[in-house]
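Asker:
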Amino acid sequence: MAEPSKKEGRPINKKQGSNECSVSPDHYLKKLHALNSLYYQRSDEEIEARTKFLDELKTALRTQPMSFVLWFLNNEGLQCLVDILANMDWETCESTIHTACIGCLKALMNNSVIIIEMAASSRVAISTRLQTEIFLIGQPEPNLPDKVLPLTSDVLKTFFYHFNSTKKSVPESLKTTVDELIIIWNKARIPTAFHPNVVLKLKTLVQEFKLIKKK
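Following this note's numbering from start to finish, the sequence shown increments by one per residue and tops out at 215.
This is the structure:
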């Protein structure tokens, strides 16, 4: 997708005087990817720098033209923000970095046009992923054939079978499905240390499935 012209937006920093060229969404996207990949030293300077960048992104998402925001979304900018949040440890979650990242998400959520755009695209993306993605926590042994690992769609079918056909509660259905998954994963030699995260992941997938089924 073509990146919007840098001349379309207003300058993020109004104190720049005559140097009023706006910053492209690609600039922010590259820096977001860097935040996910660079080692975090937790120094005061690093916290301040990351917070400042996210605050600037929040301002851009609120003040730049719609073409800027749509380009950011269509090139996985939202997913980058979500990944940053998901990868934060407890200490970072208590810092200003977390607050600034949430501010970026709120800037997107407060835009009704963006909400409609995201809802339409997310349903398609979620539906495709649920049909094709292997449901996995951890890493299997090398050279293990993919066919022995269940697809996410198969796991959801198992959950709804226990929930609808055997009339189990949601927690019981989650536990039964996860127990069946663990048997498969043990055969694939997937580390058992990852098993406590399975219920949470499956619960999230059930919510995503319900989302795409809503009219």
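All C-beta atoms in this analysis are idealised placements derived from N, C-alpha and C, irrespective of residue type, glycine included.
#1: Count the other C-beta atoms from every protein chain shown that fall within 10 angstroms of the C-beta of Q207, then say buried if there are 16 or more, exposed otherwise.
#2: Measuring straight from C-alpha to C-alpha, what distance separates A86 and F163?
#3: Just to confirm, are L61 and C104 a CB contact at a threshold of 8 Å?
#4: Got a sec? Which residues, its chain only, sit under 6 Å from P4 by beta carbon, not counting five neighbours each side?
#5: Less than 8 Å between the CB atoms is what I'm expecting for T99 and I47, so what's the real figure, rounded?
#6: Going by DSSP, name the residue or residues bridged to I134.
#7: Suppose only complete runs of 4+ residues qualify. What are the alpha helix (DSSP H) ranges in the region 39–113, listed by chain order?
#8: Might you give, ordered along the chain, the residues of its own chain that have their beta carbon closer than 6 Å to the beta carbon of T51, omitting 5 neighbours on each side?
#9: Between which two residues does the alpha helix (DSSP H) holding H27 run?
#10: Using only the alpha-carbon positions, how far apart do D55 and N111 sit?
#11: So for S173, helix, strand or coil by DSSP?
#12: Helix, strand or coil for T166 per DSSP?
Answerer: According to the structure data:
#1: So Q207 ends up on the exposed side.
#2: Looking at the two C-alpha atoms, the distance is approximately 29 Å.
#3: Yes, Cβ-Cβ distance for L61 and C104 is below 8 Å.
#4: Because P4 sits at a pLDDT of 46, beneath the cut-off of 50, its placement in the model cannot be relied upon, and the following sentence gives the value as read from the coordinates. Taken in chain order, the residues that qualify are S67, F68, W71.
#5: In this structure T99 is not in contact with I47, their Cβ atoms being roughly 11 Å apart against a cut-off of 8 Å.
#6: DSSP lists L151 as the bridge partner or partners of I134.
#7: Counting whole runs of 4 or more residues, the region 39–113 contains the alpha helix (DSSP H) stretches 44–63, 66–74, 77–86, 90–93, 96–109.
#8: If you ignore the 5 residues before and after T51, its C-beta comes within less than 6 Å of the C-beta of T96, I97, A100, all in its own chain and listed in chain order.
#9: That run of the alpha helix (DSSP H) goes 25–37.
#10: Distance between the alpha carbons of D55 and N111: 17 Å.
#11: If DSSP states are grouped into helix, strand and coil, S173 belongs with the helices.
#12: Three-state DSSP puts T166 in coil, outside helix and strand.
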